[in-house]
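For the sequence shown, my numbering assigns the number 3 to the initial residue and increments by one for each residue that follows.
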Amino acid sequence: MKRKSDQQIVEKQLAKRILVTMDQSGYGMSALRVAAGMAAELQGELLGLLVEDINLIRLAELPFSREVSLFAEGGYHLCPDTLEKQLRSQAERLRHNLASIAGQRKIPWSFRLARGRLAVEIMAVMREVDVLIMGQTQGVFSQPLGLSSMFSERRLLPADGLLTQGFRQPIMVFFNGSLSSGRALKTAALLVRKNGERLVVILPAVEPGRLSELEQQVVNWQQQTHLKLRFITLLNHDISALVQLGRGRHVGALILGQDSFSLDEHSINKLLDYPDYPVVLVK
Numbered sequence: 003m004k005r006k007s008d009q010q011i012v013e014k015q016l017a018k019r020i021l022v023t024m025d026q027s028g029y030g031m032s033a034l035r036v037a038a039g040m041a042a043e044l045q046g047e048l049l050g051l052l053v054e055d056i057n058l059i060r061l062a063e064l065p066f067s068r069e070v071s072l073f074a075e076g077g078y079h080l081c082p083d084t085l086e087k088q089l090r091s092q093a094e095r096l097r098h099n100l101a102s103i104a105g106q107r108k109i110p111w112s113f114r115l116a117r118g119r120l121a122v123e124i125m126a127v128m129r130e131v132d133v134l135i136m137g138q139t140q141g142v143f144s145q146p147l148g149l150s151s152m153f154s155e156r157r158l159l160p161a162d163g164l165l166t167q168g169f170r171q172p173i174m175v176f177f178n179g180s181l182s183s184g185r186a187l188k189t190a191a192l193l194v195r196k197n198g199e200r201l202v203v204i205l206p207a208v209e210p211g212r213l214s215e216l217e218q219q220v221v222n223w224q225q226q227t228h229l230k231l232r233f234i235t236l237l238n239h240d241i242s243a244l245v246q247l248g249r250g251r252h253v254g255a256l257i258l259g260q261d262s263f264s265l266d267e268h269s270i271n272k273l274l275d276y277p278d279y280p281v282v283l284v285k
């Protein structure tokens with residue numbers, strides 16, 4: 003009987019339901035492509051989630067609300083009916099993008115539209131899926147969707163923040179020995195496509211004996227993947243410190259297990275407030 007390869011065994015242990023939060027920026031589209039590629043490789047299902055910011059919608063209902071514009075002194079009146087029409091149009095475009103990319107990959111897909119706060123909606127769905135890729139960040143729907151929104155800082159991010167077929171290198175992964183952090187390591191191996199690429203492994207600041215044990219677990223796993231590793235110890239076990247570490251090292255993505263940190267609305271907002279690179283949560 004033919005023996006299954008190590009790669010096949012790893013893939014069977016990994017994600018089957020991959021969800022990506024969506025927006026219409028180049029950043030969000032690249033995250034969608036990465037999620038679709040992962041779903042195709044694992045023969046899984048691709049789910050798209052678009053969250054319309056309830057605070058923006060409530061703001062549009064106020065009589066004094068204005069849309070700031072570079073082209074009109076004083077801006078435009080923010081009309082609720084116009085905003086609703088723009089939101090519907092955007093949702094349809096993103097649904098079409100999802101269907102098109104999933105069709106190219108020949109993978110099952112579904113689209114979910116929610117209205118609320120992005121962090122809350124992420125908390126509501128993250129236990130339903132195996133991998134959640136944050137392709138939508140705070141601020142995408144905190145601004146009107148007309149001409150002026152095209153000039154938001156969010157849309158002026160460098161185009162190379164995400165590559166068309168994958169994340170920019172290096173990829174950073176947090177490992178503390180938990181089951182989900184182990185799956186985060188394996189997910190990172192799928193995203194780092196070429197042998198010899200570098201993976202930055204973040205370890206918690208624990209007592210030296212435990213730290214050596216965690217490092218050895220990763221080294222043992224690395225021997226199957228042939229990835230180049232770099233170890234860094236996170237001195238402050240805080241989600242903000244982890245995200246800032248990634249920004250300072252210009253990583254292409256941060257991957258962590260859902261149980262690696264206490265994830266509540268506040269901590270997820272910290273992840274969403276840094277749009278330099280996407281965050282991938284692994285169940």
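We put the CB at the ideal spot given by N, CA and C, even for glycine.
Would you decide whether Pro210 is buried or exposed? Buried here means 16 or more other CB atoms lie within 10 Å of its CB.
exposed
Span of the alpha helix (DSSP H) holding Met125?
120-127
Whole-angstrom Cβ separation of Gln273 and Val245, contact assumed at under 8 Å?
At residue 273 the sequence reads Leu, which differs from the Gln that was named. About 6 Å separates the two Cβ atoms, so the contact holds.
Assumed close pair Glu123, Val53 - CB separation to whole angstroms, cut-off 8 Å
5 Å
Whose CA, out of Glu217, Arg212, Asn271, lies closest to the CA of Ile241?
Asn271
Let me check understanding here. Comparing Cα to Cα, which of Val133, Arg19, Gly250 lies closest to Ile234?
Gly250
As assigned by DSSP and simplified to three states, the class of Gly39
helix
So, are the CB atoms of Phe286 and Leu258 less than 8 Å apart?
Examination of residue 286 is not possible in this model, given that the chain is present from 3 through 285 alone.
Spatial distance of Ala41 from Asn222 (CA atoms)
27 Å
Taking Leu89 as the reference, which of Arg107, Ala207, Gly105, Ile59 has the closest Cα?
Ile59
Apart from the five residues just before and just after Gln219, which ones in its own chain have a Cβ nearer than 7 Å to its Cβ?
Gly179
Check this for me: beta carbons of Pro280 and Ile109, under 8 Å apart or not?
no
Looking at the strands, I want to know which residues DSSP matches up with Pro206.
Leu236
Name the one or two DSSP bridge partners that Arg117 has.
Glu54
I need the DSSP call for Val131, collapsed to helix, strand or coil.
coil
Other residues of its chain near Pro206: CB distance less than 7 Å, five sequence neighbours each side excluded
Asn178, Leu236, His239
Any heavy atom of the ligand GDP closer than 7 Å to the beta-carbon of Ser180?
By its list of ligands, the structure shown contains no ligand whatsoever, and the ligand GDP lies outside what it can speak to.
Could you tell me which residues DSSP puts in a beta bridge with Arg200?
Lys230
What residue does the beta strand (DSSP E) around Leu21 start on, and which one ends it?
19-23
Going by DSSP, which residues form a beta bridge with Ile173?
Leu201, Ala255
What's the gap between the Cα of Arg19 and the Cα of Arg185?
14 Å
Limits of the unbroken alpha helix (DSSP H) element including Val245
241-250
Short of 6 Å in beta carbon distance, which residues of its chain neighbour Phe73, apart from the five on each side in sequence? Order them along the chain.
Annotation note: pLDDT 41 at Phe73 (below 50); position unreliable, coordinate value reported separately. Counting only Cβ-Cβ distances below 6 Å, and skipping sequence neighbours, we find nothing.
Go to Leu273, then tell me how far its alpha helix (DSSP H) extends in each direction, as first and last residue.
267-274
What residue does the alpha helix (DSSP H) around Leu193 start on, and which one ends it?
181-193
Determine the DSSP secondary structure at Leu44, reduced to helix, strand or coil.
coil
Is it buried or exposed, Asp275, if we count other Cβ atoms within 10 angstroms and call 16 or more buried?
exposed
Could you please give me the residues that DSSP links to Ser112 through a beta bridge?
Leu49
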